[in-house]
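K.L.:
Supplied in structure tokens, the structure appears directly below.
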Amino acid sequence: PAAEINAAAAYVSALTVANDLPEKPFIIHQFRRSMLPDRELITPQPGLAMIIHADGEGPVAAKLASYSALGIPETGFFAGFKVFLARDPEVMAPDAVMALDPVPDLISYQ
């Protein structure tokens with residue numbers, strides 16, 4: 225998967241740089257380490273804010289364990305966290321999300 229992510233990121237980066245566009249968010253969704261076993265091979269690209277986005281539904285304890293297990297962010301990446309408004313059995317309050325370590329740079333609500 226890292227090679228595919230790098231190819232897509234390089235493509236978007238080239239468009240961003242060639243057209244002198246503002247930095248673009250590039251979101252990499254992950255909810256288990258096994259989804260991206262070679263994540264360390266993903267390369268940050270110019271013009272992109274690359275975000276490792278902890279994406280998964282479930283109880284708060286499971287979401288916290290997943291976020292911790294993902295070990296984000298790595299150098300050159302930002303941390304993201306998703307809250308499902310209808311699928312999570314209990315919706316995390318904004319202050320609970322902001323108490324995560326590291327504090328997410330991107331929080332998405334779906």
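Count the sequence shown with the numbering used here and you get residues 225 to 334, in order. By construction, the Cβ of each residue, glycine as well, lies at the ideal position given by its N, Cα and C atoms. Treat the numbers as computed from the prediction; the structure is a model and nothing was measured.
#1: Is the beta carbon of Q269 closer than 8 Å to that of A303?
#2: What distance in whole Å lies between the Cβ atoms of A226 and L265, which are believed to be in contact at a cut-off of 8 Å?
#3: Any idea if V307 is buried or exposed, counting beta-carbon neighbours within 10 angstroms, 16 or more meaning buried?
#4: Between L260 and the rest of its own chain, which residues show a CB-CB distance below 6 Å, the 5 nearest in sequence each way excluded?
#5: Evaluate L294 with the Cβ neighbour count: other Cβ atoms within 10 Å of its Cβ, from every protein chain shown; 16 or more gives buried, anything less gives exposed.
#6: Buried or exposed, going by whether 16 or more other CB atoms sit within 10 Å of the CB of S237?
#7: Between S292, I275 and E314, which lies nearest to P283 when the distance is taken from Cα to Cα?
#8: At which residue ranges does the region 235 to 322 contain complete alpha helix (DSSP H) runs of 4 or more residues, listed in the order of the chain?
#9: Leaving aside the five residues before and after Y291 along the sequence, list all residues of the same chain whose C-beta is less than 8 Å from its C-beta, in chain order.
P.N.:
Well, looking at it:
#1: For the purposes of this step, residue 303 is taken as the residue at position 79 of the sequence shown. For the purposes of this step, residue 269 is taken as the residue at position 45 of the sequence shown. Going by C-beta atoms, A303 is not nearer than 8 Å to Q269.
#2: As a position in the sequence shown, residue 265 is number 41, starting the count at 1. As a position in the sequence shown, residue 226 is number 2, starting the count at 1. Their Cβ separation, rounded to whole angstroms, is 4 Å, which keeps L265 and A226 in contact under 8 Å.
#3: In the sequence shown, counting from the first residue as 1, residue 307 sits at position 83. So V307 ends up on the buried side.
#4: Along the sequence shown, one-based indexing puts residue 260 at 36. If you ignore the 5 residues before and after L260, its C-beta comes within less than 6 Å of the C-beta of P225 and Q254, all in its own chain and listed in chain order.
#5: As a working mapping, residue 294 is identified with position 70 in the sequence shown. It counts as buried.
#6: As a position in the sequence shown, residue 237 is number 13, starting the count at 1. Looking at its Cβ environment, which holds 16 or more other Cβ atoms inside 10 Å, S237 is buried.
#7: Taking the sequence shown and counting its residues from 1, the one referred to as residue 283 is at position 59. Per the C-alpha coordinates, the member of S292, I275 and E314 positioned closest to P283 is E314.
#8: If one requires a minimum length of 4 residues, the alpha helix (DSSP H) runs lying completely within the region 235 to 322 are 284 to 294 and 318 to 322, in chain order.
#9: The count along the sequence shown starts at 1 and reaches residue 291 at position 67. Counting only Cβ-Cβ distances below 8 Å, and skipping sequence neighbours, we find A278, F305 and L324.
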